[in-house]
Amino acid sequence: MVSRAERSIVGDWWWTIDRFLLASLLALMVAGLVLLMAGGPPVAERLGLSTFHFVHRQVMFLLPGIGIMLAVSFLSPRLVRRVALFIYLISLALIMLALHFGPEIKGAHRWINIGGVGIQPSEFVKPAFVILAAWAFSEGSRRSDMPGAGLALLLLPATIVPLVMQPDFGQTMLITITWAGLFFIAGLHWFWVVGLGGAGLIGIGAAYQFMPHVRGRIQRFMDKDSGDTFQVDTAMESFAHGGWFGTGPGEGTVKRILPDAHTDFIFSATAEEFGVIVCLLVLFIYALIVLRGLSLARRNEDTFCRLATAGLLLMFGLQASINMAVNTHLMPAKGMTLPFISYGGSSLLSLALAMGFLIALTRRRPRAELMDRYPAAPAAATAPQA
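Structure, rendered in structure tokens:
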């Protein structure tokens, strides 16, 4: 245990972070490994791999992921912005390279190989985008000479246009909704909020009209007879077969024919073997992280930290909600991973980065640090001295 009297970087970090939030995130990561043991083996066996291939690979990504989260949590808000800007620019450059040189997987160019390792740059652009958008909105509200809303408005198309070109409609939707949430939280006029909602509906209509895969997913969601609904039907069968308490670890049978049981549909594999009770417990952990983070954001006096924290939590909660909604047939299929539970190196590392930003921005900092950034008014400096 680190003593409160210890004046070191680690000591200051330990007594200023929210340890409940950190413990919840670590618990979710460990739970992800356990639940991947349900969804990973049948997919590995179908591919001719070792039974626990995906579990072992997840551990390989999880260990550096925890290191990234802890290392980033030491950063000050200023360094968080600088790191986010660097990652944002690098990620956009890699997205453009993937469009031209990346392999085509399921009709999309989302991956690029670097040193023999496949990377999905769009995963890393998400947390960086949230930080930069929050910075633009906060500076716009603090300084009259700073066109923060305009800068944030330009930041959105600069980010989603390359994603649409891949195409990656799921990530585009997630980033756009998160940005709109930040726009609303920043306190901008309702006129713009309604206008953005209308623009979003137009965008969905355009995607339905001009993107066949989007149209196909929506049609299959609305009408089961319009196309192949094997994935969703099998996912719902997993819930029915598992019931409240599940069939038991390793006893699931529906998961053996469930496509993507280790990634997009791991929630359904969890339901079959561990039951709806465990699914509700996973949902509770996600809700706990989001609500705890929002409570910390509400108490934060720094506008940037407050907006960035809310944006990161909105992105995190939305991604989890979309995945679970797809698994329970409440939304069309989106190809969205379940944070820290689905298999995926790029997804896990980018989420670790985002949660590192979150822990860093919710640390308790002395008022003197805020005063360095926001100097006191001149009247306070001329107050009479005793």
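Going by our numbering, the first residue of the sequence shown is number 1, and it counts up by one from there.
Backbone N, C-alpha and C fix where the C-beta goes; we use that ideal spot for every residue, glycine too.
Annotated three-state conformation of G356 is helix, per DSSP. Around the beta carbon of E123, a 10 Å sphere encloses 16 or more other beta carbons of the protein chains shown; the residue is thus reported as buried. For I68, the uninterrupted alpha helix (DSSP H) segment begins and ends at H53 to V72. Here the alpha carbon of G40 sits roughly 8 Å from the alpha carbon of H53.
Distance from the CA atom of A287 to the CA atom of G317, rounded to whole angstroms, is 8 Å. Per DSSP, the continuous beta strand (DSSP E) segment holding I119 begins and ends at V117 to I119. Non-local C-beta neighbours of M96 in its own chain, meaning closer than 7 Å and more than five positions away in sequence, comprise P162, ordered along the chain. In the DSSP assignment, I322 falls within the alpha helix (DSSP H) that extends over T303 to N327. For I114, the enclosing beta strand (DSSP E) begins and ends at I112 to I114. Within the same chain, and ignoring the five residues on either side of M165 in sequence, the residues whose Cβ sits closer than 7 Å to its Cβ are L99.
Annotated three-state conformation of A235 is helix, per DSSP.
Residue nearest to I9 within the set S76, L35 and G150 is S76 (criterion: CA-CA distance). The segment 226 to 244 and the segment 314 to 331 touch, with no fewer than 3 CB-CB distances between them shorter than 8 Å. Taken through DSSP and simplified to helix, strand or coil, A108 comes out as strand. Secondary structure at M336: coil, using DSSP grouped into helix, strand and coil.
DSSP, reduced to helix, strand and coil, places M146 outside both helices and strands of the structure shown, so it counts as coil. Taking each of L33, A333 and F20 in turn and checking the Cα distance to I218, the smallest one comes out for A333. Residue range P77 to F101 is occupied by the alpha helix (DSSP H) that includes R82.
Between A38 and A240 a beta carbon distance of about 16 Å is seen, past the 8 Å cut, so the two are scored as non-contacting.
Taking C-alpha positions only, I105 is separated from S350 by approximately 20 Å. With three or more CB-CB distances shorter than 8 Å, the segment 303 to 321 counts as touching the segment 333 to 343. With a 10 Å radius around the Cβ and a threshold of 16 neighbouring Cβ atoms, S295 comes out exposed. One thing to note: R81 has its Cβ within 8 Å of the Cβ of I131.
G181 sits buried, since 16 or more C-beta atoms from the chains shown fall within 10 Å of its C-beta. For L314, the CB contacts under 7 Å within the same chain, skipping 5 residues up- and downstream, are T178 and G181 in chain order.
C-alpha of A354 to C-alpha of P157: approximately 21 Å in a straight line. Distance from the Cα of T176 is smallest, within the candidate group R142, G187, L155 and A186, for L155. Distance check between L94 and each of Q120, S138, G116 and G107 places Q120 closest, using alpha-carbon atoms only. Taking a 10 Å sphere around the C-beta of P103, we find fewer than 16 other C-beta atoms and assign the residue as exposed.
The alpha-carbon of P259 is positioned some 19 Å away from that of G345. In this chain, the alpha helix (DSSP H) harbouring Y286 covers I266 to R299.
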